[in-house]
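Numbering (this note's numbering), first residue to last: 7 to 165. Backbone N, C-alpha and C fix where the C-beta goes; we use that ideal spot for every residue, glycine too.
See below:
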């Protein structure tokens, strides 16, 4: 990723291209691939099937609804010239177990959880510092996780 950003920086300076490198943080929403966690959890919980959680449920992610990501992309395309790197996220973290509780609440069903040890390479937390995007793009995420889950699963006819 870093090498790609450096290559973009070089092209901007050599050829005067407008280039924006965007770093997305745990994107979810309607149409998400079926093997992705939120989609998989929702499907299994609604079917009464067990879900597998790794670790103790305390790892935290900056889950970002797809509409917030697209708003950031459009703001870049419409407002900037030059070379910039932006973090696009929700700027708020939620634990894995709280995510599952949110899905349960949204779907009105209780999860059957199978716990497994944390996987090698998993990180404890991801968090987007969106201060630069706020300042230069007026980026302001509008979908906290509970609102995003409701929209996602409603559009899929699951709640």
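Using a 10 Å radius around the Cβ and a threshold of 16 neighbouring Cβ atoms, would you call residue i buried or exposed?
{"i": "residue 23", "result": "exposed"}
{"i": "residue 67", "result": "buried"}
{"i": "residue 51", "result": "buried"}
{"i": "residue 74", "result": "buried"}
{"i": "residue 131", "result": "exposed"}
Is the CB-CB distance between residue i and residue j below 8 Å?
{"i": "residue 35", "j": "residue 108", "result": "no"}
{"i": "residue 86", "j": "residue 139", "result": "no"}
Specify, as a first and last residue, the run of the alpha helix (DSSP H) that residue i falls within.
{"i": "residue 155", "result": "151 to 161"}
Quick check: the Cα distance between residue i and residue j, rounded to an integer number of angstroms?
{"i": "residue 121", "j": "residue 19", "result": "50 Å"}
{"i": "residue 92", "j": "residue 118", "result": "38 Å"}
{"i": "residue 144", "j": "residue 103", "result": "31 Å"}
{"i": "residue 112", "j": "residue 17", "result": "46 Å"}
{"i": "residue 126", "j": "residue 57", "result": "19 Å"}
From what residue to what residue does the beta strand (DSSP E) around residue i run?
{"i": "residue 26", "result": "25 to 30"}
{"i": "residue 59", "result": "56 to 60"}
Complete runs of the alpha helix (DSSP H) confined to the stretch 94 to 147 [at least 4 residues]: 102 to 113 and 137 to 143
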